[in-house]
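Student: So the sequence lines, in the order shown, correspond to chains V and B. Count the first sequence with the working numbering and you get residues 154 to 464, in order. Count the second sequence with the working numbering and you get residues 154 to 464, in order. Ideal Cβ placement from N, Cα and C applies to all residues, glycine included.
2 protein chains.
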Amino acid sequence: MKFEVTILGSRAAKPDVKHYQTAHALNVHEQFYLIDCGEAVQTQLMRYGLHPMRINHVFVSHLHGDHFYGLFPMISTMGLMGRKTPLHVYGPHPLQEIVDMHFRYFDAQLGYEVICHEVDHTQHLPVYENKVMEVWSIPLRHRVPCTGYHFREKTPGLNLRPAALQRYELSIQQMVAAKRGEDITLEDGTTIPNAELTYTPYAARSYAYLSDTTYSAKAAHLVRGVDLMYHEATYADADRKRARQTGHSTTLQAAKAALEAEAGQLIIGHFSGRYDENTEALRAEAATLFANTIAATEGLRVEIPIRKNQP
Amino acid sequence: MKFEVTILGSRAAKPDVKHYQTAHALNVHEQFYLIDCGEAVQTQLMRYGLHPMRINHVFVSHLHGDHFYGLFPMISTMGLMGRKTPLHVYGPHPLQEIVDMHFRYFDAQLGYEVICHEVDHTQHLPVYENKVMEVWSIPLRHRVPCTGYHFREKTPGLNLRPAALQRYELSIQQMVAAKRGEDITLEDGTTIPNAELTYTPYAARSYAYLSDTTYSAKAAHLVRGVDLMYHEATYADADRKRARQTGHSTTLQAAKAALEAEAGQLIIGHFSGRYDENTEALRAEAATLFANTIAATEGLRVEIPIRKNQP
Chain V
154 MKFEVTILGS RAAKPDVKHY QTAHALNVHE QFYLIDCGEA VQTQLMRYGL HPMRINHVFV
214 SHLHGDHFYG LFPMISTMGL MGRKTPLHVY GPHPLQEIVD MHFRYFDAQL GYEVICHEVD
274 HTQHLPVYEN KVMEVWSIPL RHRVPCTGYH FREKTPGLNL RPAALQRYEL SIQQMVAAKR
334 GEDITLEDGT TIPNAELTYT PYAARSYAYL SDTTYSAKAA HLVRGVDLMY HEATYADADR
394 KRARQTGHST TLQAAKAALE AEAGQLIIGH FSGRYDENTE ALRAEAATLF ANTIAATEGL
454 RVEIPIRKNQ P
Chain B
154 MKFEVTILGS RAAKPDVKHY QTAHALNVHE QFYLIDCGEA VQTQLMRYGL HPMRINHVFV
214 SHLHGDHFYG LFPMISTMGL MGRKTPLHVY GPHPLQEIVD MHFRYFDAQL GYEVICHEVD
274 HTQHLPVYEN KVMEVWSIPL RHRVPCTGYH FREKTPGLNL RPAALQRYEL SIQQMVAAKR
334 GEDITLEDGT TIPNAELTYT PYAARSYAYL SDTTYSAKAA HLVRGVDLMY HEATYADADR
394 KRARQTGHST TLQAAKAALE AEAGQLIIGH FSGRYDENTE ALRAEAATLF ANTIAATEGL
454 RVEIPIRKNQ P
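Listed below in structure tokens is the structure:
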């Protein structure tokens, strides 16, 4: 039951031979989600062993090309690969209009449906949910409508404690009721509190994707307690004026957001090309404020390990 | 005075980690031209030492995504790099509409102009000309409007023969007239034929780009005598039915076009992913009909050497 992020692109708008525009793949229990899709995201998926056909949901933060250019080529390739399953794409308005426009000129005979879900970038709302996870929008502050995403594993169902099963002779109905969270009253009238009978097998995990944005205390607050936060840090602290002008964050602002959110770990990325390979200096700068910081790099995998509880 | 093609992408529509969608760069006397622009063409240019900013003219054969997806990301990057020089893009209708539509959503504040030149894909006409080269459209036969391009170096100006200069005492006016191609009449009334006074320093070279297309005798005829022909060969001969259905050519059809055109050399490419790395077999098949065939591969450079004439 993995919960793992793979960084497909660590750079801001200008890619180069080694560095790609922003894209992350998230594996939650072997279901794969794509978050932003810079140019050549389809080959980046392949490079890191993730088959594009395993992607059913794409979460786009905003409609700047460097977070978006790889979507349509990937859609085409999926068609050529014979895809039949719908692909769901989430992102701010006018996502639907741009996708419609694309189909007016390209991929007119795609063998599957692309379903757009426009996300209100001003609201903190659930945008997607399945059995094991839900995704919430996080309003961000950028030059254009932009939303972060908070991927929250659901708290797993209760397990019965083996010790309690040995101690009490429960009927099947009582076991089912206990798993639903109910206290159980035995034949002799004793009531056993649910906590004695059951436990949560592992703690739910979460990943927050916050890019592109200036520092936002509100966004940090909305993801409080997150296990792993990705926050853009396009610039070093020395370039904070440029960060402000362009609607981006610095290393220290990303670290401040992680502190504010009481995050477990911080990944910084979306680095400006001006720092080239010197992202360790950016990481170190952020780490002065938030120690558990790592720098995004193509192919980096960060797993949030499962924290099992004692039965 | 180079005349050299660099293959940036050898594959048909489905790229993978090593193989890119179609794009060629042409160096004519250190001016660089881009022909088609599959996804990630900007990084492919960088990979092979060609700075995207050196591209001022892009020739697009047709508006299928695999020949086109890399254009807009490259346009964006050029803007971020501070480009001021206009970029000229050639291609069939509705090129202008698609470019306009792009700017409606992206790159609204680009610092330079993108000038579209729609090419009539049914006509054989000059579409671009400068001091050293002209480019002609070559009607092709594909599922959508598609044009090839014939890049023709201009015949260089006449040089004076050193031996003739020693033999005759020509005035500056007479030298200029001889370089214009005129015969010269000396003071004693003798007329010296121009050929005795001048020579063409080197033979003009040419490159024909024919993709995507089924076999077209007409296209081959239009580029007769071409030094280097690129012809798509999406399929092996065994898959010729599939080639016909999809508007593509086989290895043998590409070779037949090269024979028909009396080409000096043939590059085949736009290979279907089904052949994976086995392009040598495709090359060998084409070579049974046209011996001087090479298979496109990423980074392949083919120079047409200058053929100097004796003074």
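Report the residue ranges of all alpha helix (DSSP H) runs contained in full by the segment 391-448 of chain B; include only those spanning at least 4 residues, in chain order.
Tutor: 393-399, 404-413 and 432-440
Student: At the level of alpha carbons, what is the spacing between B:L161 and B:G452?
Tutor: Looking at the two C-alpha atoms, the distance is approximately 6 Å.
Student: For B:R164, which residues does DSSP report across the bridge?
Tutor: In the DSSP assignment, B:R164 is bridged to B:Q174 and B:F424.
Student: If we define contact as Cβ-Cβ less than 8 Å, is V:Y222 a contact residue for chain B?
Tutor: yes
Student: Near V:R377, which residues of its chain fall below 7 Å by C-beta distance, leaving aside the five closest residues on each side in sequence?
Tutor: A414 and E415
Student: If the criterion is Cβ atoms closer than 8 Å, does the pair B:E456 and B:H423 meet it?
Tutor: no
Student: Could you check where the alpha helix (DSSP H) with B:A316 kicks off and where it finishes?
Tutor: P315 to R320
Student: From the DSSP output, in three-state form, read off B:Y222 for me.
Tutor: coil
Student: When the Cβ atoms of the segment 352-370 of chain V are set against those of the segment 291-304 of chain V, are three or more pairs found closer than 8 Å?
Tutor: yes
Student: Tell me which residues share the same chain as V:V272 and place their Cβ nearer than 7 Å to its Cβ, disregarding the 5 neighbours each side in the sequence.
Tutor: Y243, G244, P245, V280, S290 and T300
Student: How long is the line joining the alpha carbons of B:D169 and V:A193, rounded to whole angstroms?
Tutor: Looking at the two C-alpha atoms, the distance is approximately 10 Å.
Student: Should B:A407 be labelled buried (16 or more other beta-carbon atoms within 10 Å of its own) or exposed?
Tutor: buried
Student: Quick one: Cα of V:E250 to Cα of B:P247, how far?
Tutor: 19 Å
Student: Quick one: grab the DSSP three-state call for B:P205.
Tutor: helix
Student: Give the residues from the segment 269-294 of chain V that approach chain B closer than 9 Å (Cβ to any Cβ), ordered along the chain.
Tutor: none
Student: Can you tell me whether B:I228 is buried or exposed, with buried defined as 16 or more other CB within 10 angstroms of its CB?
Tutor: buried
Student: Along the segment 191-208 of chain V, where does the CB come closer than 8 Å to a CB of chain B? Name the residues.
Tutor: E192, A193, Q195, T196, M199 and R200
Student: Buried or exposed: which applies to B:G235, given that a residue is buried once 16 or more other Cβ atoms fall within 10 Å of its Cβ?
Tutor: exposed
Student: Per DSSP, which residues does V:F259 bridge with? Please list them.
Tutor: Note: V:F259 sits in no beta bridge, so no partner.
Student: Which bits of chain B does V:K237 rub up against, with CB to CB less than 9 Å?
Tutor: Per Cβ cutoff of 9 Å: no residues; V:K237 is ~17 Å from chain B at best.
Student: Terminal residues of the continuous beta strand (DSSP E) containing V:A361?
Tutor: S359 to L363
Student: Go ahead and label B:R164 buried or exposed: buried means 16 or more other beta carbons lie within 10 angstroms of its beta carbon, across all protein chains shown.
Tutor: buried
Student: Got a sec, what are the start and stop residues for the beta strand (DSSP E) V:V280 sits in?
Tutor: P279 to E282
Student: Please list, in chain order, the chain V residues whose beta carbon lies closer than 7 Å to that of B:I251.
Tutor: Y258
Student: In whole angstroms, what separates the C-alpha of B:D252 from that of V:M199?
Tutor: The question names Asp, but residue 252 of chain B is Val in the sequence shown. Each residue's alpha carbon lies about 29 Å from the other.
Student: How would you list, in chain order, the residues of chain B whose beta-carbon sits under 8 Å from the beta-carbon of V:A166?
Tutor: S229, T230 and L233
Student: Looking at B:T404: is its Cβ nearer than 8 Å to the Cβ of B:R294?
Tutor: no
Student: With 16 other CB atoms within 10 Å as the buried threshold, where does B:I337 fall?
Tutor: buried
Student: Closer than 8 Å by C-beta to B:K237: which residues in its own chain qualify, once you throw out the five before and the five after it? Chain order, please.
Tutor: Apart from sequence neighbours up to five positions away, the residues of its chain that approach B:K237 with a beta-carbon distance below 8 Å are G264 and Y265, ordered along the chain.
Student: Could you give the first and the last residue of the continuous beta strand (DSSP E) run that contains V:I325?
Tutor: Element bounds for V:I325: not the beta strand (DSSP E) but the alpha helix (DSSP H), I325 to K332.
Student: For B:H255, which option in B:E287, B:T446, B:F221 and B:K332 has the closest C-alpha, if you only look at C-alpha atoms?
Tutor: B:F221
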